[in-house]
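This note's numbering numbers the first residue of the sequence shown as 44 and each following residue consecutively.
Encoded as C-alpha coordinates, the structure appears first; notes follow it.
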Amino acid sequence: MVVLFNLLSCFVLIRKSIAKTGAGFGYGFIVAWAFVMSFFNLLCSLILEGFRTTVETQLTTEAGWTSIMTGAYKATYIFGYIVGVMFMLFFLTLLLMQGAVTKEIGIYDQMQQQKRLLEMNALAAGTINPLQSGPI
(Lines of atoms letter the chains of each structure in order from A and count residues from 1; the text may use other names and numbers.)
(Lines give C-alpha, C1' and ligand atoms only; values in the text may rest on other atoms or scores of the structure.)
Protein backbone atom coordinates (compact mmCIF):
# COMPACT_ATOMS: atom_id res chain seq x y z
CA MET A 1 0.00 0.00 0.00
CA VAL A 2 2.80 2.41 0.90
CA VAL A 3 4.75 1.50 -2.24
CA LEU A 4 1.65 2.05 -4.38
CA PHE A 5 1.06 5.45 -2.75
CA ASN A 6 4.69 6.44 -3.38
CA LEU A 7 4.57 5.33 -7.02
CA LEU A 8 1.30 7.15 -7.71
CA SER A 9 2.60 10.28 -6.01
CA CYS A 10 5.75 10.12 -8.12
CA PHE A 11 3.71 9.78 -11.33
CA VAL A 12 1.50 12.74 -10.40
CA LEU A 13 4.54 14.91 -9.63
CA ILE A 14 6.25 13.97 -12.89
CA ARG A 15 3.06 14.58 -14.91
CA LYS A 16 2.54 18.01 -13.35
CA SER A 17 6.20 18.87 -13.92
CA ILE A 18 6.08 17.89 -17.57
CA ALA A 19 2.80 19.74 -18.12
CA LYS A 20 4.21 22.81 -16.31
CA THR A 21 0.96 23.11 -14.33
CA GLY A 22 2.42 22.58 -10.88
CA ALA A 23 5.30 23.89 -8.91
CA GLY A 24 7.57 21.18 -10.23
CA PHE A 25 8.93 17.82 -9.20
CA GLY A 26 11.45 19.24 -6.75
CA TYR A 27 8.87 21.26 -4.83
CA GLY A 28 6.44 18.35 -4.77
CA PHE A 29 9.18 16.03 -3.58
CA ILE A 30 9.98 18.38 -0.68
CA VAL A 31 6.29 18.56 0.26
CA ALA A 32 5.91 14.78 0.10
CA TRP A 33 9.14 14.27 2.06
CA ALA A 34 7.90 16.55 4.85
CA PHE A 35 4.65 14.55 5.01
CA VAL A 36 6.44 11.20 5.14
CA MET A 37 8.94 12.41 7.75
CA SER A 38 6.16 13.72 9.99
CA PHE A 39 4.47 10.33 10.09
CA PHE A 40 7.77 8.51 10.45
CA ASN A 41 8.70 10.61 13.49
CA LEU A 42 5.25 10.30 15.02
CA LEU A 43 5.23 6.52 14.59
CA CYS A 44 8.75 6.11 15.99
CA SER A 45 7.81 8.20 19.01
CA LEU A 46 4.65 6.17 19.50
CA ILE A 47 6.65 2.92 19.44
CA LEU A 48 9.22 4.30 21.87
CA GLU A 49 6.48 5.46 24.21
CA GLY A 50 4.84 2.04 23.99
CA PHE A 51 7.97 0.45 25.46
CA ARG A 52 8.15 2.96 28.30
CA THR A 53 6.77 0.59 30.94
CA THR A 54 9.15 -2.16 29.84
CA VAL A 55 12.09 0.20 30.10
CA GLU A 56 11.01 1.49 33.50
CA THR A 57 10.35 -1.94 35.02
CA GLN A 58 12.82 -4.35 33.42
CA LEU A 59 15.82 -2.29 32.44
CA THR A 60 16.05 -0.37 35.69
CA THR A 61 16.17 -3.60 37.70
CA GLU A 62 18.11 -5.90 35.34
CA ALA A 63 20.41 -3.58 33.40
CA GLY A 64 21.01 -0.98 36.05
CA TRP A 65 19.42 1.96 34.31
CA THR A 66 19.44 5.13 36.35
CA SER A 67 16.73 7.75 36.54
CA ILE A 68 18.86 9.96 34.27
CA MET A 69 18.83 7.28 31.56
CA THR A 70 15.07 6.86 31.90
CA GLY A 71 14.65 10.63 31.67
CA ALA A 72 16.74 10.69 28.51
CA TYR A 73 14.55 7.90 27.10
CA LYS A 74 11.41 9.94 27.83
CA ALA A 75 13.01 13.04 26.33
CA THR A 76 13.75 11.06 23.16
CA TYR A 77 10.16 10.19 22.37
CA ILE A 78 8.90 13.61 23.46
CA PHE A 79 11.42 15.21 21.11
CA GLY A 80 10.23 12.82 18.38
CA TYR A 81 6.66 14.03 18.85
CA ILE A 82 7.81 17.65 18.65
CA VAL A 83 9.79 17.00 15.46
CA GLY A 84 6.84 15.12 13.94
CA VAL A 85 4.53 18.06 14.61
CA MET A 86 7.10 20.48 13.17
CA PHE A 87 7.38 18.40 9.98
CA MET A 88 3.56 18.36 9.73
CA LEU A 89 3.46 22.16 10.10
CA PHE A 90 6.19 22.45 7.47
CA PHE A 91 4.16 20.20 5.15
CA LEU A 92 0.98 22.23 5.66
CA THR A 93 2.84 25.51 5.16
CA LEU A 94 4.35 24.31 1.89
CA LEU A 95 1.01 22.92 0.76
CA LEU A 96 -1.18 25.89 1.64
CA MET A 97 1.30 28.63 0.75
CA GLN A 98 2.48 27.15 -2.55
CA GLY A 99 1.97 30.36 -4.51
CA ALA A 100 3.83 32.55 -2.06
CA VAL A 101 6.69 30.07 -1.62
CA THR A 102 7.15 29.53 -5.35
CA LYS A 103 7.14 33.30 -5.95
CA GLU A 104 9.69 33.84 -3.19
CA ILE A 105 12.15 31.23 -4.45
CA GLY A 106 11.66 32.12 -8.11
CA ILE A 107 9.91 29.00 -9.40
CA TYR A 108 6.66 30.86 -10.11
CA ASP A 109 8.29 33.22 -12.61
CA GLN A 110 9.80 30.32 -14.54
CA MET A 111 6.42 28.55 -14.69
CA GLN A 112 4.62 31.68 -15.90
CA GLN A 113 7.37 32.45 -18.41
CA GLN A 114 7.06 28.95 -19.89
CA LYS A 115 3.27 29.33 -20.21
CA ARG A 116 3.59 32.73 -21.88
CA LEU A 117 6.20 31.36 -24.28
CA LEU A 118 3.83 28.56 -25.31
CA GLU A 119 0.98 31.05 -25.79
CA MET A 120 3.13 33.39 -27.87
CA ASN A 121 4.35 30.52 -30.04
CA ALA A 122 0.76 29.39 -30.59
CA LEU A 123 -0.24 32.95 -31.53
CA ALA A 124 2.69 33.27 -33.92
CA ALA A 125 1.79 29.98 -35.57
CA GLY A 126 -1.84 31.09 -35.88
CA THR A 127 -3.19 28.02 -34.15
CA ILE A 128 -5.26 29.97 -31.59
CA ASN A 129 -7.33 33.12 -31.70
CA PRO A 130 -6.95 35.17 -28.50
CA LEU A 131 -10.26 36.98 -29.06
CA GLN A 132 -12.29 33.85 -29.68
CA SER A 133 -14.98 33.32 -27.07
CA GLY A 134 -15.28 29.98 -25.36
CA PRO A 135 -18.36 27.77 -25.29
CA ILE A 136 -21.17 29.08 -23.14
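Backbone N, C-alpha and C define an ideal beta-carbon position, used for all residues, glycine too.
Residue i CB to nearest heavy atom of the ligand HEM below 6 Å
i	result
Thr136	Looking for the ligand HEM in the displayed structure turns up nothing, as the structure carries no ligands at all.
Cβ shell of residue i (< 8 Å), same chain only, five flanking positions each side left out
i	result
Ile121	Ser88
Arg95	Tyr116, Lys117 and Tyr120
Span separating the alpha-carbon of residue i from that of residue j
i	j	result
Phe130	Val98	28 Å
Ala118	Asn164	60 Å
Thr100	Ile90	17 Å
Leu139	Met80	18 Å
Gly142	Thr136	11 Å
Phe113	Glu92	Rather than Phe, the amino acid found at residue 113 in this sequence is Thr. The alpha-carbon atoms of Thr113 and Glu92 are separated by roughly 12 Å.
Leu102	Tyr70	45 Å
Phe72	Leu132	16 Å
Thr104	Ser110	11 Å
Leu161	Ala168	11 Å
7 Å Cβ shell around residue i - same chain, five flanking residues per side excluded
i	result
Phe134	Val74, Ala77, Phe78 and Ser81
Ala106	none
Own chain, CB closer than 6 Å to residue i, minus 5 neighbours either side, in chain order
i	result
Trp108	Leu102
Segment contact, 8 Å Cβ cut-off, at least three pairs: the stretch 76-90 with the stretch 105-125: yes
Complete alpha helix (DSSP H) runs within the stretch 73-147 (minimum length 4 residues, chain order): 110-139
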